[in-house]
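Encoded as structure tokens, the structure appears first; notes follow it.
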Amino acid sequence: MKPLHFTLHTETVISERQLDRAWIELTVRDPEWAEADPSGPPTERRYRRVPEREERILRVICLETATEIRIITAFLDRKARMPR
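Residues 0 to 83 (numbering that gives the first Met the number 0) are what the sequence shown spells out, left to right.
Structure, rendered in structure tokens:
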């Protein structure tokens with residue numbers, strides 16, 4: 000299992016947005032769905048519902064390399080909808 004690297008920005012938003020690191024880790028390692036980030040590969044968006052936050056969708060932007068997964072940012076995405 001690749002280690003997760005939380006950037007300084009991510010550490011800041013976890014505190015500001017009252018996010019749980021466990022939610023982020025679960026979203027990265029076991030997303031309900033994922034898509035390429037519009038900024039282009041290799042950045043990816045990974046999504047998962049958070050029951051503790053009224054089923055809101057957590058979006059985690061990450062960059063996966065051969066040796067680690069770098070977490071760029073995370074937030075509860077009001078506009079995200081699970082694809083059909």
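Glycine included, C-beta positions come from ideal geometry on N, C-alpha and C.
Item: Taking 8 Å as the cut-off, does the segment 22-29 touch the segment 45-61 (at least 3 CB pairs, one atom from each stretch)?; Value: yes
Item: Figure out for me which residue from H8, I60, Q17 and H4 has the closest Cα to the Cα of R52.; Value: Q17
Item: So for A21, helix, strand or coil by DSSP?; Value: helix
Item: Kindly indicate the opening and closing residues of the alpha helix (DSSP H) around T9.; Value: L7 to E15
Item: Answer with buried or exposed for L57, where buried requires no fewer than 16 other C-beta atoms within 10 angstroms of its C-beta.; Value: buried
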